[in-house]
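Numbering (my numbering), first residue to last: 12 to 299.
Even glycine gets a Cβ: it sits at the ideal position worked out from N, Cα and C.
Computed from a prediction, not measured in an experiment: that's the story for all the values here.
One structure is given below, encoded as structure tokens.
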């Protein structure tokens with residue numbers, strides 16, 4: 012069969028040469044996410060001014076050739092602070108969602124395969140933890156222990172472990188009831204083998220999609236905590252803290268309020284777009 016030139020071009024743009032088909036919406040979302048990830052990594056080397064240096068003699072200054080995003084309530088460059096804030100927003104959220112999903116998925120697969128009393132104890136304990144409102148739990152822990160990057164990461168991780176556990180356990184229970192798992196048990200395969208070689212490969216697609224959703228939730232929760240003054244502490248700030256610092260400029264339509272909000276929106280919307288448009292090969296529950 013001969014492939015037309017339009018089909019060939021479409022295949023190149025959608026990534027079929029690598030075995031995955033990204034549509035244009037998913038590609039846009041992925042591009043924005045990668046851009047923010049690169050900003051988070053290289054922020055100290057690309058910011059035009061030091062984040063704490065007062066550049067503008069006026070506060071809530073407008074956009075200009077020298078200050079592309081205007082100045083904040085102290086006259087500091089907002090572009091520099093937003094770029095540096097990406098390091099905290101993206102870094103803390105990524106670390107927290109990685110810990111939460113790793114712990115939740117591992118515990119969920121163990122509970123599904125082992126069953127019995129271990130499954131009951133894990134499920135009831137994490138259900139009790141999940142019953143605590145996430146924002147209230149974060150407020151109590153951060154207010155009691157103090158706000159630091161490790162505390163924020165661990166607090167956000169603990170909040171979202173129960174949900175990741177429930178999701179992974181539900182997937183693993185369905186896989187555990189299939190015939191090929193029964194055959195593996197008859198062969199005498201260990202629990203570790205069943206989890207690593209039989210169950211995990213068949214749930215990795217949905218788990219990756221769930222990881223993206225929880226990343227969005229963690230970004231929003233971190234921004235909420237920072238807006239309440241319990242996130243990253245001055246002189247550094249994540250995007251939520253930048254909104255809180257400059258909220259006084261809202262009546263004036265100051266860029267210092269709008270651009271951090273747009274940064275949060277661009278990241279969360281892009282993650283959702285990528286999740287909704289993942290290639291079929293990743294979305295499928297089976298990797299075969």
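If you check the CB distance, residue 100 and residue 215 do not come in under 9 Å.
In the DSSP assignment, residue 87 forms a beta bridge with 65. The distance from the Cβ of residue 66 to that of residue 86 is about 6 Å, consistent with a contact at the 8 Å cut-off. By the beta-carbon neighbour count (other beta carbons within 10 angstroms, threshold 16), residue 191 is exposed. Secondary structure note for residue 242: it is in no alpha helix (DSSP H), with a DSSP letter that is neither H nor E. Just so you know, the alpha carbons of residue 142 and residue 258 end up roughly 32 Å apart.
Per DSSP, the beta bridge partners of residue 82 are 88. Counting along the chain, no alpha helix (DSSP H) covers residue 144, and no H or E run does either. In this structure, the alpha-carbon of residue 92 lies about 28 Å from that of residue 37. Judged by their CB atoms, residue 96 and residue 241 are not nearer to each other than the 9 Å cut-off. It is roughly 15 Å from the alpha-carbon of residue 49 to the alpha-carbon of residue 90. Here residue 204 is exposed, its C-beta having fewer than 16 other C-beta atoms within 10 Å. Looking at the backbone, the Cα of residue 94 and that of residue 51 are separated by about 7 Å.
Contact between the stretch 168 to 176 and the stretch 110 to 121 is present: three or more C-beta pairs spanning the two stretches fall below 8 Å.
For residue 272, the enclosing alpha helix (DSSP H) begins and ends at 266 to 287. In this structure, residue 188 sits away from residue 209, with a CB-CB distance that is not shorter than 9 Å. Annotated three-state conformation of residue 103 is helix, per DSSP.
Annotation for residue 256: the continuous alpha helix (DSSP H) segment containing it runs 250 to 256. Under the three-state reduction of DSSP, residue 135 is assigned to helix.
Under the three-state reduction of DSSP, residue 171 is assigned to helix. Here the alpha carbons of residue 232 and residue 238 stand approximately 10 Å from one another.
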